[in-house]
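Undergrad:
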Amino acid sequence: MTQPTTDAVVVPEPPLAARARDIARRANLTLASTPETGAFLRTMAASKPGGRLLELGSQTGVGTGWMLDGMDEDATLTTIEQSPRIADACRKTFAGDPRVHVVTADATEWLETYDGPPFDLVFVDTTTAKFERRDLVYRHLTDGALFLADDLLPQPKWTDEHLPRVHRLREEIVREPDLVATLVDWASGLLVATYRRPSGD
Ligand SMILES: C[S@@+](CC[C@H](N)C(=O)[O-])C[C@H]1O[C@@H](n2cnc3c(N)ncnc32)[C@H](O)[C@@H]1O
64 MTQPTTDAVV VPEPPLAARA RDIARRANLT LASTPETGAF LRTMAASKPG GRLLELGSQT
124 GVGTGWMLDG MDEDATLTTI EQSPRIADAC RKTFAGDPRV HVVTADATEW LETYDGPPFD
184 LVFVDTTTAK FERRDLVYRH LTDGALFLAD DLLPQPKWTD EHLPRVHRLR EEIVREPDLV
244 ATLVDWASGL LVATYRRPSG D
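Quick note: to get the working numbering, add 63 to the position in the sequence shown (first position is 1).
#1: Specify the secondary structure class of G133 as computed by DSSP and reduced to three states.
#2: Helix, strand or coil for G207? Go by DSSP, reduced to three states.
#3: Are P261 and P240 close, meaning C-beta to C-beta below 8 Å?
#4: Which residue comes first and which comes last in the alpha helix (DSSP H) that contains L226?
#5: Could you give the uninterrupted runs of the alpha helix (DSSP H) lying entirely in the region 67-103, keeping only those of 4 residues or more?
#6: Could you check the C-alpha separation between A109 and E136 for me, to the nearest Å?
#7: Return the chain-ordered list of same chain residues with a C-beta closer than 8 Å to the C-beta of T123, the five sequence neighbours on each side being excluded.
#8: Quickly, what does DSSP pair Y258 with across the bridge? List them, please.
#9: Between which two residues does the beta strand (DSSP E) carrying L174 extend?
#10: Quick test of the definition: if touching needs 3 or more C-beta pairs under 8 Å, does the region 126-146 touch the region 193-210?
#11: When DSSP labels each residue in this structure, what does R115 get in the three-state scheme?
#12: Could you name the residues of the same chain whose beta carbon sits closer than 8 Å to that of T191, not counting the 5 residues immediately before and after it, in chain order?
#13: Measure from the alpha carbon of P180 to the alpha carbon of each residue in G114, R196, A168 and E144, then state which is nearest.
#14: From this set, F194, V229, G101 and F210, which residue's C-alpha is nearest Q218's C-alpha?
#15: Work out the CA separation of L140 and D248 for me, nearest whole Å.
#16: Can the beta-carbon of L232 be found less than 8 Å from the beta-carbon of F194?
#17: Figure out for me which residue from R196, D223, E234 and L253 has the closest Cα to the Cα of A212.
#18: Excluding the five sequence neighbours on either side, which residues of its own chain have a C-beta within less than 6 Å of the C-beta of T142, listed in chain order?
#19: What do you reckon, is the C-beta of E239 under 7 Å from a heavy atom of ligand 1?
#20: What would DSSP say about F157, mapped onto helix, strand or coil?
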């Protein structure tokens, strides 16, 4: 009998995520979420029926497509991308689904000025929001919201400056008072955390 492996992904890639991956590949964009991260995001998205989901750093929409596949009909997903060209490609891919709203903006500036309703789940996939200004993200979360990230295990392509930054995040995040966090050392290195509003807020 063949031994089961721990890294086999059996979830087929949703068609829109596959289309987004193809667009990224043809444009030589290398940072799209892996299928493992995609499957993780899809499962997390499914835990928020009717939820308001947020992605910081859309790229062409690979993660967007996976989350969309987990969402129910009443859930919505806002995804923020700073590059107008890439955001347009992403918008085109999801044009047929009114649950997805692609915003062309710098995520940090957007977080500083956004004054709409809070989110029930966020996938943080921009450097500033992930490593430096998580406080800006917390402002826009409901109590109990999921805070998700990937790429937290060393990768050969990383620069010398990036490794210590990730180490620091891994040390800090499990002690962060606003989060109940678990590092999942699987796939590219995942973070799943629940936002806990500080008492008094
Ligand atoms: C890691 S890729 C995103 C991958 C995507 N979330 C996925 O799941 O496939 C990061 C993206 O964030 C965008 N980005 C980087 N800094 C940003 C910022 N400050 N605001 C908005 N987008 C940003 C980049 O242009 C890039 O497309």
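No residue lacks a Cβ here, since even glycine has one placed at the ideal position from N, Cα and C. In this text, all values refer to a predicted model and were calculated from it rather than measured experimentally.
TA: Let me lay it out:
#1: Looking up residue 133 in the sequence shown gives position 70. If DSSP states are grouped into helix, strand and coil, G133 belongs with the helices.
#2: In the sequence shown, counting from the first residue as 1, residue 207 sits at position 144. G207: strand per DSSP, three-state reduction.
#3: As a working mapping, residue 261 is identified with position 198 in the sequence shown. As a working mapping, residue 240 is identified with position 177 in the sequence shown. Yes, the Cβ-Cβ distance between P261 and P240 is below 8 Å.
#4: The residue labelled residue 226 in the question sits at position 163 within the sequence shown. Note, L226: alpha helix (DSSP H), H225 to I236.
#5: 78-89
#6: Your numbering for residue 109 matches position 46 in the sequence shown. Your numbering for residue 136 matches position 73 in the sequence shown. Their backbone Cα atoms lie some 11 Å apart in a straight line.
#7: On the sequence shown, residue 123 is found 60 positions in, with the first residue counted as 1. The answer, listed in chain order, is A83, R84, I86, A87, A90, L92, A95, I149, A152, C153 and T156.
#8: Start at 1 with the first residue of the sequence shown, and residue 258 comes out as number 195. Its beta-bridge partners are L242.
#9: Taking the sequence shown and counting its residues from 1, one reaches residue 174 at position 111. That residue, L174, is in no beta strand (DSSP E); its alpha helix (DSSP H) goes A170 to T176.
#10: no
#11: On the sequence shown, residue 115 is found 52 positions in, with the first residue counted as 1. R115: strand per DSSP, three-state reduction.
#12: Taking the first residue of the sequence shown as position 1, residue 191 is located at position 128. The answer, listed in chain order, is A170 and T171.
#13: Locating residue 180 in the sequence shown gives position 117, counting from the first residue. Nearest C-alpha to P180: G114.
#14: Locating residue 218 in the sequence shown gives position 155, where the first residue counts as 1. Among F194, V229, G101 and F210, the Cα nearest to that of Q218 is on V229.
#15: Along the sequence shown, one-based indexing puts residue 248 at 185. Along the sequence shown, one-based indexing puts residue 140 at 77. Approximately 26 Å, taken between the alpha carbons.
#16: In the sequence shown, counting from the first residue as 1, residue 232 sits at position 169. In the sequence shown, counting from the first residue as 1, residue 194 sits at position 131. Cβ atoms of L232 and F194: closer than 8 Å.
#17: On the sequence shown, position 149 is the one that residue 212 refers to. Ranking the options by Cα distance to A212, first place goes to L253.
#18: Here residue 142 is taken as the residue at index 79 of the sequence shown, counted from 1. Correct list, in chain order: E118, S121, T127 and V165.
#19: The residue given as residue 239 occupies position 176 in the sequence shown. Not so, every heavy atom of ligand 1 lies at least 7 Å from the Cβ.
#20: Mapped onto the sequence shown, residue 157 falls at position 94. Of the three classes helix, strand and coil, the one that applies to F157 here is coil, per DSSP.
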